[in-house]
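Enquirer: Here's a structure for you.
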Amino acid sequence: MCDTFYRRTLNKTIFAKNSDRSANEPNLCLFYPPLEGDENRQCTYIGVGNVGPIRSVLLVQPSWMWGGEMGINDRGVVIGNEAVFTKSKGKKENKLIGMDLLRLALEQSSSAQEAVDVIIKYLQEFGQGGNCGFDKHFYYDNSYLIADGKEAFILETAGKNWALKKVHDFGAISNRLFLNRDYDQASKPGIDFAKTHTEPVFSYFSQAKVRRSCVIKEIDREEFGVESAIETLSMHHPDDEKNLYKKGSVRSVCMHQSLLGDHTTGSMIVDFQVPYPTIWLTGSGSPCLSLFKPCFFGIVQPPIFADKEAALSYWLEHEYLNRAVFANLIDKTEYLRKRDLLQKEFIEEEAKLRAQNPSLKDLEEFAKSCFEKEQKWLREYQTEIQAVKNQTVKMPKIWAKKTKVLGRKVFETDYDKRNNR
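Read in order, the letters of the sequence shown are residues 5 to 425 in this note's numbering.
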């Protein structure tokens with residue numbers, strides 16, 4: 005389950021996404037440098053043959069798979085994908101998963117339109133299918149929000165079928181098909197795409213309509229910037245607030261573990277500044293508790309890593325911290341007060357720096373200083389982090405079993421081996 009949105013105003017162009025997956029599935033911020041080519045580009049389950057040249061990409065990437073939930077490339081093309089539930093056949097066959105298609109598009113495109121074309125090309129040639137779940141089998145098709153700062157598109161798919169709509173001022177996607185006949189292009193023009201392809205049961209219980217309605221209401225305003233995007237990604241449904249960390253729900257944009265649903269494990273915002281976009285990353289789950297750090301493409305500075313093990317250590321430390329809040333080890337009010345002050349400082353300092361026409365070196369130094377301030381803040385909570393890590397604290401029932409196995413076999417690509425079967 006996820007939510008992705010795009011908002012273009014007179015002063016700002018914003019892309020943002022929450023990635024909602026298994027609560028124990030690390031979502032790592034990883035940078036991949038360019039390559040001259042690859043004779044057989046191997047994705048999660050299959051290879052796609054000769055590919056080249058390959059652009060550098062930054063992915064927010066589930067630890068065990070080849071593809072990514074969201075990402076940006078060296079030309080400022082950004083993509084987020086969503087699980088959608090359709091009537092298509094063959095989902096359990098190992099083909100390309102939606103996250104593979106996202107990475108392939110980022111590696112081979114210099115514009116949003118080119119990214120659309122790449123996804124459709126590989127979709128037509130190889131199809132989509134294969135397990136997408138970390139600790140449960142999960143099969144689905146995909147929709148995408150694709151942008152480059154100049155234009156944006158929504159691409160919905162069902163098997164090899166697709167529909168495409170250009171986004172103008174704002175748009176949002178969630179875990180169901182939304183394009184009826186209001187698309188610009190389609191693999192089979194003239195049909196009601198959503199009505200024809202939607203699988204109704206999973207689509208209903210995903211609560212995607214509820215979440216998307218909340219997002220559209222938030223982004224359809226005259227002024228919308230980074231602070232607004234953070235607020236939107238951190239939203240909870242009013243009915244979820246009372247038992248946020250004990251029951252969870254799929255109604256909330258910032259999703260928390262429930263008996264049936266997923267959990268927000270990573271968040272990204274792209275502010276399409278010129279000449280370098282600012283990429284705001286949590287590098288962690290639960291955006292309602294996390295700190296969005298300013299990052300810049302090509303600068304490998306935490307929360308961005310080139311090494312998976314280092315990225316995992318970063319994600320886990322923040323996850324232990326979040327679960328310390330869930331367990332009431334930390335005064336949430338005081339914690340959020342300090343977090344909010346630091347977040348406000350980062351946003352204000354980034355705006356000041358932008359006004360000075362900074363060099364990449366200036367941006368790198370700024371990103372480093374933000375990381376150092378975050379680390380200083382985290383040191384205040386090392387006792388609580390270690391208590392969760394060492395399992396010396398009683399977790400809420402819904403979190404107890406999850407926390408016991410947190411961090412185990414997260415890079416294992418085989419589902420049965422990953423889950424000791």
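Glycine included, each C-beta is placed from N, C-alpha and C at the ideal position.
From which residue to which residue does the beta strand (DSSP E) around residue 166 run?
Expert: Run containing residue 166: 165 to 171, per the beta strand (DSSP E) assignment.
Enquirer: Can you tell me whether residue 138 is buried or exposed, with buried defined as 16 or more other CB within 10 angstroms of its CB?
Expert: buried
Enquirer: By Cβ distance below 8 Å, which residues in the same chain neighbour residue 309 in space, the five residues on each side in sequence not counted?
Expert: 32, 33, 34, 35, 315 and 318
Enquirer: Considering only the alpha carbon of each residue, which of 268, 263 and 286 lies closest to residue 400?
Expert: 263
Enquirer: If I follow the unbroken alpha helix (DSSP H) through residue 416, where does it start and stop?
Expert: Here residue 416 belongs to no alpha helix (DSSP H), and DSSP marks it neither H nor E.
Enquirer: Residue 60 and residue 81: beta carbons closer than 8 Å?
Expert: Result no, Cβ atoms of residue 60 and residue 81 do not sit closer than 8 Å.
Enquirer: Within 10 angstroms of its Cβ, does residue 267 collect 16 or more other Cβ (buried), or is it exposed?
Expert: buried
Enquirer: Out of 14, 64 and 292, state which residue places its alpha-carbon closest to the alpha-carbon of residue 154.
Expert: 14
Enquirer: In three-state terms, what does DSSP make of residue 181?
Expert: For residue 181, the three-state secondary structure derived from DSSP is coil.
Enquirer: Kindly indicate which residue of 73, 259 and 205 has the alpha-carbon position closest to the one of residue 110.
Expert: 73
Enquirer: Of the residues 408, 173 and 24, which one's Cα is nearest the Cα of residue 215?
Expert: 24
Enquirer: Roughly how many angstroms lie between the CA atoms of residue 364 and residue 405, to the nearest whole one?
Expert: 44 Å
Enquirer: If you measure between the beta carbons of residue 145 and residue 162, is that distance less than 8 Å?
Expert: yes
Enquirer: Counting beta carbon pairs with one atom in the stretch 284 to 300 and one in the stretch 45 to 58, are three or more of them shorter than 8 Å?
Expert: No, the stretch 45 to 58 does not touch the stretch 284 to 300.
Enquirer: Under a three-way DSSP split, which group does residue 195 fall into?
Expert: coil
Enquirer: At 4 residues or longer, what runs of the alpha helix (DSSP H) sit wholly inside the stretch 324 to 371?
Expert: 336 to 358
Enquirer: For residue 308, report the span of its beta strand (DSSP E) as first-last.
Expert: No beta strand (DSSP E) holds residue 308; DSSP gives it neither H nor E.
Enquirer: Using DSSP with H/G/I as helix, E/B as strand and the rest coil, what is residue 37?
Expert: coil
Enquirer: Tell me, which residues are paired with residue 32 by DSSP?
Expert: Residue 32 is bridged by DSSP to 65.
Enquirer: Is the Cβ-Cβ distance between residue 414 and residue 5 less than 8 Å?
Expert: no
Enquirer: Looking at C-beta atoms only, is the number of pairs between the stretch 198 to 218 and the stretch 83 to 95 that lie closer than 8 Å three or more?
Expert: yes
Enquirer: Give me the DSSP bridge partner(s) of residue 10.
Expert: 19 and 175
Enquirer: Alpha carbon to alpha carbon, how far is residue 293 from residue 394?
Expert: 21 Å
Enquirer: I'd like to check one pair, residue 403 with residue 301: are the Cβ atoms closer than 8 Å?
Expert: no
Enquirer: Should residue 175 and residue 10 be called a contact, given that it needs their Cβ atoms to be closer than 8 Å?
Expert: Against a cut-off of 8 Å, the Cβ pair of residue 10 and residue 175 comes out as a contact.
Enquirer: Can you grab the Cα-Cα spacing for the pair residue 235 / residue 378, in whole Å?
Expert: 19 Å
Enquirer: Beta-carbon separation of residue 71 and residue 103 under 8 Å?
Expert: yes
Enquirer: Per DSSP, which residues does residue 70 bridge with? Please list them.
Expert: Per DSSP, residue 70 has no beta-bridge partner at all.
Enquirer: In whole angstroms, what separates the C-alpha of residue 116 from that of residue 125?
Expert: 14 Å
Enquirer: Taking DSSP as the reference, what is the three-state secondary structure of residue 267?
Expert: strand
Enquirer: Who are the Cβ neighbours of residue 19 in its own chain at under 6 Å, not counting the five residues just before and after it?
Expert: 10, 82, 151 and 274
Enquirer: Locate the beta strand (DSSP E) running through residue 249, then write down its first and last residues.
Expert: From DSSP, residue 249 is part of no beta strand (DSSP E); its letter is neither H nor E.
Enquirer: Taking C-alpha atoms, which residue in 287, 217 and 222 lies nearest to residue 232?
Expert: Looking at the Cα atoms, 222 is the closest of the given residues.
Enquirer: When you compare each of 286, 337, 398 and 225 to residue 173 by their alpha carbons, which one comes out closest?
Expert: 225
Enquirer: So, is residue 387 buried or exposed, given that buried needs 16 or more other C-beta atoms within 10 angstroms?
Expert: exposed
Enquirer: Between the Cα of residue 160 and those of 130, 128 and 197, spot the shortest distance and give me the residue it belongs to.
Expert: 197
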